[in-house]
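S.K.: If you scroll down you'll find the structure; I have some questions about it.
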Amino acid sequence: MAWRGKLSQNLKELRVLLCQSSPSSATTRTFVEKNYKDLKSLNPKLPILIRECRGIEPQLWARYECSSSWIYYDWFKTWVLRGAFVWKV
1 MAWRGKLSQN LKELRVLLCQ SSPSSATTRT FVEKNYKDLK SLNPKLPILI
51 RECRGIEPQL WARYECSSSW IYYDWFKTWV LRGAFVWKV
């Protein structure tokens with residue numbers, strides 16, 4: 001999956017918000033644990049921020065090169081829960 005190394009071409013910043021203990025964020029925590037290191041090594045200059053906040057639902061936010069505003073991906077939680085949003089190393 002060569003696209004993983006090209007994230008920094010269009011993105012300014014990527015943020016993942018999750019709860020450190022709730023069951024609803026369990027798959028997101030697993031996703032971050034399995035993929036953060038690989039994504040960061042392939043995109044060393046791209047800020048990939050993981051924010052933990054008690055009681056929050058998992059969220060993915062992105063800020064693109066062409067815009068200063070943030071885009072919220074509401075499909076992220078559904079995809080992670082279904083296992084469809086998996087980057088294989």
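To convert, note that position 34 of the sequence shown is 34 in full-length UniProt numbering; the numbers rise steadily by one, no gaps. Even for Gly, the Cβ is constructed at its ideal location relative to N, Cα and C.
Can you tell me whether LEU49 is buried or exposed, with buried defined as 16 or more other CB within 10 angstroms of its CB?
M.R.: Burial call: exposed.
S.K.: Where does GLU33 fall in DSSP's three states?
M.R.: Helix at GLU33.
S.K.: For the alpha helix (DSSP H) that contains LEU7, what are its first and last residues?
M.R.: Counting along the chain, the alpha helix (DSSP H) containing LEU7 begins and ends at 7-10.
S.K.: Starting from the C-beta of VAL89, find all residues in its chain whose C-beta is less than 7 Å away, skip the five residues before and the five after it, and write them out in chain order.
M.R.: Any reading at VAL89 is ruled out, since the residue's pLDDT is 31, under 50, leaving its predicted position unreliable.
S.K.: Going by beta-carbon coordinates alone, are LEU46 and LEU14 separated by less than 8 Å?
M.R.: A contact, by the Cβ cut-off of 8 Å.
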